[in-house]
Amino acid sequence: MDLGHDELTPQSRRIRLNGRLDLKGTGEIEARFASLTGSDSRNILVDMSGVDFLASIGMRLLLTNAKAKARQGGKMVLVAPKAMVWEALETAGLDTLIPIYADEAAALAGLSA
Amino acid sequence: MDAVPAPTARLVLSNDHAGLAELAEWLARFAGGLPEQTVFRLNLVLTEAVTNIMDHARPTDSEGRIELACAIADGQIVVELADDGPPFDPTAQAPKPIPASLAEARPGGHGIQLMRHYTSRLDYRREDHRNRLRMTLPVDPPPEARPAGSDNTLDYRHIQIFQGIADPRIDEVLASSRHLHLAAGERLIEAGQDNHYLYLLFDGRMEARLSSERSEKGIAIARGEAIGELSILDGQRTSAHVYAAGECDVVAVHEDDFWQRLAPLPGVLRNLTRLVTQRLRTSSERMLHTLAEQLQYEHMKKELAAARDIQMGLLPHGDPLFPQHPEVEVHAHLLPAKEVGGDLYDAFPIDDEHLLVAVGDVSGKGMPAALFMMRTVTLLRSQGRGRLPDEQFLPTLNHLLCEGNEADMFVTLCVVVLSVRTGRLVLFNGGHPPPLLSRAGGPFEAVTGAKGALLGIMPEVRFQSRDLTLAPGDRLVLYSDGVTEAENPQRDMMGQERTQADLDECPAEAPMASLVASLIEGVNLFAAGAEQSDDITILALRYREA
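Chain order of the listed sequences is A and B.
In terms of the numbering used here, the first sequence has 108 at position 108, counting the first letter as 1, and numbering is strictly consecutive.
In terms of the numbering used here, the second sequence has 314 at position 314, counting the first letter as 1, and numbering is strictly consecutive.
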């Protein structure tokens, strides 16, 4: 499981995830993911396009950090999950709690709305 | 339950985290020829089921193994997991309700939901002191054999109103209905119009919005849902605009076809009722939630304003700050940012001869920062009053701030202790920008040499103070990074050089209040209207004759 990040705009940070968000993959990135989402007030855009598999442990990670971000007054959104991953997110009802966008432009527009 | 039909793959997994790795490895080999979607689903339900066994049925005196049997027949995959842990029936777990907001959401518990969704059957039995969970999944047809492309029938299993129904009459209606393809942003329905179609979203995502305003947050419509159902039911005009959120495939079923050919099929009306109920429930929950949020926000704004007042009231407000000491002239100002910020300054006599002045900056904003700021000021006073600060001053303050600092807040702090009799000055610095000193009307320069990190996080940090002696006429300026990090609309920062230059421009004989005011003016000129994002604090001190 890989994690990369960069600053998209002064107010938003992109976190790129690559690999499988199962028990092992989630464990590999959870500490860095939490520090990248919680360290400052930037909004977080999670690029999911490289995620091939997402289990409930990965959803827990996303939800926990989205909640923490919201408590800081910020937003976290998901961008471009693969179709199967998107369906799994919807099945768990996460799409009603964390906005999901098909591409980055839509996500940035959503973040600034 | 019968035995899993042959041919069967069998596997024994360790009942610990290594088991999941063994599972993934096995699946990669076993699922080689299966469609990608099927592999994903199988992977997901197996991962969730095995995780459940590990979490809920951790064996105490058992062998700690999970047996897996898997067979593919008649377009179905049947997998059975057996473990010898205590009884645990995942099928008996209540489905997790979808929370109304992120704040109410409790992470976890999605596993069962995913298993239910991705299996066509989920059966549990307890037998011979073992849990046996059998999951049945359909094998997805390979992409090229998908009915939509090859012949004229559409795969409608994911369409909500047809869920659980298979009938050739559905194929007929769909074949004779209009098929639409929409690009992202295209409008399917305009609000307030007559509508005679029930639209079925076969692929893509759409969004319903009450106004045509693009910025308005819409209600998402997912693949498989229906649109326009309310007008079909009550004959009224459409209530919302519906836009494609990406590429969309839609089939438009005319209301006559719906009522005459689809509605009579068992299950269709029940499915439609379920969909409408869900929609109504979502929208009324959303309305209530928005209302509650609005009220909470108004309330919170008032509380924050009150907190701000309390915070400001805590700081000394005299002008000058030590009227009983003609040996010094001290003036301070804190210009708050819009939100409750974390800057602080303080000025009080330690004894008849020594004065303490300080400027600090607490990390973050809002209520947590305000509370931590008040804690810092209180501790600074209790540590500083009546006892001349020595090398243990910052270490002790740091230890006290680290205690019970659950939120990991921190503060940077610059503390100056001055003997009004001799002009001797001791500087303590915990991660704060160094103060600026002008000797005898000369240029302002940073006073370095006092070392130490920010306070409140690491109890073991070491600090080193710096001594110097002020001569009459020397001026010292303490400030917070709201000054040097002020930004203009081009996002350049003010910086220390500009700060020093602004101070140098002020005549050496000008009162300290003017020096502070002219630096604030300098910051405002530089920011050129850009919003002040952080508190700005400046404390200026002039040493006169003893």
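Quick reminder that beta carbons are idealized off the backbone N, C-alpha and C, glycines included.
Closer than 8 angstroms, CB to CB, is Thr-136 of chain B near chain A or not?
-> In the second sequence, the residue the question calls residue 136 of chain B occupies position 136. For Thr-136 of chain B, the answer is no, since every Cβ of chain A falls outside 8 angstroms of its Cβ.
Going along chain B, which residues have a C-beta under 7 angstroms from Arg-60 of chain A?
-> For the purposes of this step, residue 60 of chain A is taken as the residue at position 60 of the first sequence. Result: Pro-107 and Gly-108.
Starting from Asn-131 of chain B, follow its DSSP beta bridges and name the residues at the other end.
-> The count along the second sequence starts at 1 and reaches residue 131 of chain B at position 131. According to DSSP, which records beta bridges pairwise, Asn-131 of chain B is partnered with B:Asp-83 and B:Arg-126.
Between the CA atoms of Ser-438 of chain B and Cys-506 of chain B - distance to the nearest angstrom = The sequence position of residue 506 of chain B within the second sequence is 506, counting from 1. The sequence position of residue 438 of chain B within the second sequence is 438, counting from 1. Using only the alpha carbons, I get a separation of about 12 angstroms.
Residues bridged to Arg-169 of chain B [DSSP beta-bridge criterion] | Counting from one through the second sequence, the residue named residue 169 of chain B turns up at place 169. Per DSSP, none; premise fails for Arg-169 of chain B.
Using a Cβ-Cβ cut-off of 8 angstroms, state whether Pro-10 of chain A counts as contacting chain B.
-> One-based indexing of the first sequence puts residue 10 of chain A at position 10. Pro-10 of chain A counts as touching chain B.
Indicate whether at least one CB of chain A lies closer than 8 angstroms to the CB of Gln-113 of chain B.
-> What you label residue 113 of chain B is simply residue 113 of the second sequence in a count that begins at 1. True, the Cβ-Cβ gap to chain A drops below 8 angstroms.
Ser-35 of chain A versus A:Gly-19, A:Trp-86 and A:Leu-3, residue with shortest Cα-Cα distance = As a first step, residue 35 of chain A is located in the first sequence; it is residue number 35 there, counting from the start. Ser-35 of chain A has its Cα closest to that of A:Leu-3, out of A:Gly-19, A:Trp-86 and A:Leu-3.
Kindly list, in the order they appear in chain B, the residues whose Cβ is closer than 7 angstroms to that of Leu-23 of chain A.
-> Here residue 23 of chain A refers to the residue found at position 23 of the first sequence. By Cβ distance, chain B contributes His-17, Leu-20 and Thr-51.
For the stretch 47-58 of chain A, enumerate the residues whose C-beta is nearer than 9 angstroms to any C-beta of chain B, in chain order.
-> Asp-52, Phe-53, Leu-54, Ala-55, Ser-56 and Ile-57
Helix, strand or coil at Tyr-156 of chain B according to DSSP, with G and I counted as helix | Within the second sequence, residue 156 of chain B is the residue found at index 156, counting from 1. If DSSP states are grouped into helix, strand and coil, Tyr-156 of chain B belongs with coil.
Neighbour list for Ala-222 of chain B in chain A, Cβ cutoff strictly below 7 angstroms = If you number the second sequence from 1, residue 222 of chain B lands on position 222. Residues of chain A passing the Cβ test: Glu-90.
Quick one: Cα of Leu-553 of chain B to Cα of Met-493 of chain B, how far?
-> Given a span of 1 to 546 for chain B in the structure shown, any question on residue 553 of chain B remains unanswerable.
Say whether chain B places a C-beta atom closer than 8 angstroms to the C-beta of Met-84 of chain A.
-> Mapped onto the first sequence, residue 84 of chain A falls at position 84. Closer than 8 angstroms: yes.
Step through the CB atoms of chain B and report whether any lies within less than 8 angstroms of the CB of Asp-95 of chain A.
-> Counted from its first residue, the first sequence places residue 95 of chain A at position 95. Answer yes: the Cβ-Cβ gap between Asp-95 of chain A and chain B drops below 8 angstroms somewhere.
Any Cβ of chain B within less than 8 angstroms of the Cβ of Ala-66 of chain A?
-> As a working mapping, residue 66 of chain A is identified with position 66 in the first sequence. Cβ-Cβ to chain B under 8 angstroms: yes for Ala-66 of chain A.
Apply the 10 Å Cβ neighbour rule to Lys-301 of chain B and answer buried if 16 or more other Cβ atoms are within range, or exposed otherwise.
-> Residue numbering aside, residue 301 of chain B sits at position 301 when the second sequence is read from its first letter. With fewer than 16 Cβ atoms within 10 Å of its Cβ, Lys-301 of chain B is classed as exposed.
Just grab the DSSP bridge partners of Cys-414 of chain B for me.
-> In the second sequence, the residue the question calls residue 414 of chain B occupies position 414. The partner list for Cys-414 of chain B (beta bridge, DSSP) reads B:Val-359 and B:Asn-429.
Measure from the C-beta of Ala-105 of chain A to each C-beta in chain B and report whether the shortest distance is under 8 angstroms.
-> In the first sequence, residue 105 of chain A corresponds to position 105, counting from 1. Output row for Ala-105 of chain A: interface = no.
Which two residues bound the contiguous beta strand (DSSP E) that contains Thr-469 of chain B?
-> For the purposes of this step, residue 469 of chain B is taken as residue 469 along the second sequence, with counting starting at 1. It spans 466-469 - the beta strand (DSSP E) in which Thr-469 of chain B sits, taken as one unbroken run.
Endpoints, alpha helix (DSSP H) assigned at Gly-25 of chain A | Here residue 25 of chain A corresponds to residue number 25 of the first sequence, with the count starting at 1. Where Gly-25 of chain A is concerned, the enclosing alpha helix (DSSP H) stretches over 23-38.
Can you give me the Cβ contacts of Val-39 of chain B inside the same chain, cut-off strictly under 6 angstroms, excluding the 5 residues immediately before and after it?
-> For the purposes of this step, residue 39 of chain B is taken as residue 39 along the second sequence, with counting starting at 1. Ala-31.
What's the gap between the Cα of Arg-134 of chain B and the Cα of Arg-121 of chain B?
-> By one-based count along the second sequence, residue 134 of chain B stands at place 134. By one-based count along the second sequence, residue 121 of chain B stands at place 121. Each residue's alpha carbon lies about 8 angstroms from the other.
What does Tyr-345 of chain B pair with, by DSSP beta-bridge criteria?
-> By one-based count along the second sequence, residue 345 of chain B stands at place 345. Partner(s): B:Val-359.
Round the Cβ separation of Val-253 of chain B and Leu-200 of chain B to the nearest angstrom and send it over; I've been treating them as touching at under 8 angstroms.
-> Locating residue 253 of chain B in the second sequence gives position 253, counting from the first residue. Locating residue 200 of chain B in the second sequence gives position 200, counting from the first residue. The pair is a contact, with the Cβ atoms about 7 angstroms apart (cut-off 8 angstroms).
Mind checking which residues open and close the beta strand (DSSP E) that includes Leu-539 of chain B?
-> Here residue 539 of chain B refers to the residue found at position 539 of the second sequence. Its beta strand (DSSP E) spans residues 536-543.
Using the DSSP secondary-structure output, state which residues sit across from Arg-20 of chain A in a beta bridge.
-> Here residue 20 of chain A is taken as the residue at index 20 of the first sequence, counted from 1. Paired residues: A:Phe-53.
From the DSSP output, read off the bridge partner residues of Ile-53 of chain B.
-> For the purposes of this step, residue 53 of chain B is taken as the residue at position 53 of the second sequence. Its beta-bridge partners do not exist; DSSP assigns none.
Straight-line Cα distance separating Asp-52 of chain A from Pro-147 of chain B | On the second sequence, position 147 is the one that residue 147 of chain B refers to. On the first sequence, position 52 is the one that residue 52 of chain A refers to. Its pLDDT being 43, under 50, Pro-147 of chain B is placed unreliably by the model, and nothing is read from it.
Starting from the N-terminal side, write out each stretch of the beta strand (DSSP E) that is 3 residues or longer and does not extend beyond the stretch 232-280 of chain B.
-> 241-244 and 248-254
Taking 8 angstroms as the CB-CB limit, is Ala-34 of chain A close to chain B?
-> By 1-based counting over the first sequence, the position of residue 34 of chain A is 34. Output row for Ala-34 of chain A: interface = no.
What is the DSSP secondary structure of His-17 of chain B, reduced to helix, strand or coil?
-> Within the second sequence, numbered from 1, the residue matching residue 17 of chain B stands at position 17. Helix at His-17 of chain B.
Among the residues of its own chain, which have a CB less than 6 angstroms from the CB of Arg-178 of chain B, if the five just before and after it don't count?
-> As a working mapping, residue 178 of chain B is identified with position 178 in the second sequence. Around Arg-178 of chain B: Ala-252.
Please check the pair Val-77 of chain A and Gly-110 of chain A, which I expect to be a contact at CB under 8 angstroms, by giving their CB distance rounded to whole angstroms.
-> Position 77 of the first sequence, counting from 1, holds the residue named residue 77 of chain A. Position 110 of the first sequence, counting from 1, holds the residue named residue 110 of chain A. Rounded, the Cβ-Cβ distance is 6 angstroms, consistent with contact.
Could you check if Gly-529 of chain B is buried or exposed, using at least 16 other CB atoms within 10 Å of its CB as the buried criterion?
-> Counting from 1 along the second sequence, the entry for residue 529 of chain B is found at position 529. Answer is exposed; the Cβ neighbour count stays below 16.
Can the beta-carbon of Ala-370 of chain B be found closer than 8 angstroms to that of Ser-363 of chain B?
-> What you label residue 370 of chain B is simply residue 370 of the second sequence in a count that begins at 1. What you label residue 363 of chain B is simply residue 363 of the second sequence in a count that begins at 1. Going by C-beta atoms, Ala-370 of chain B is not nearer than 8 angstroms to Ser-363 of chain B.
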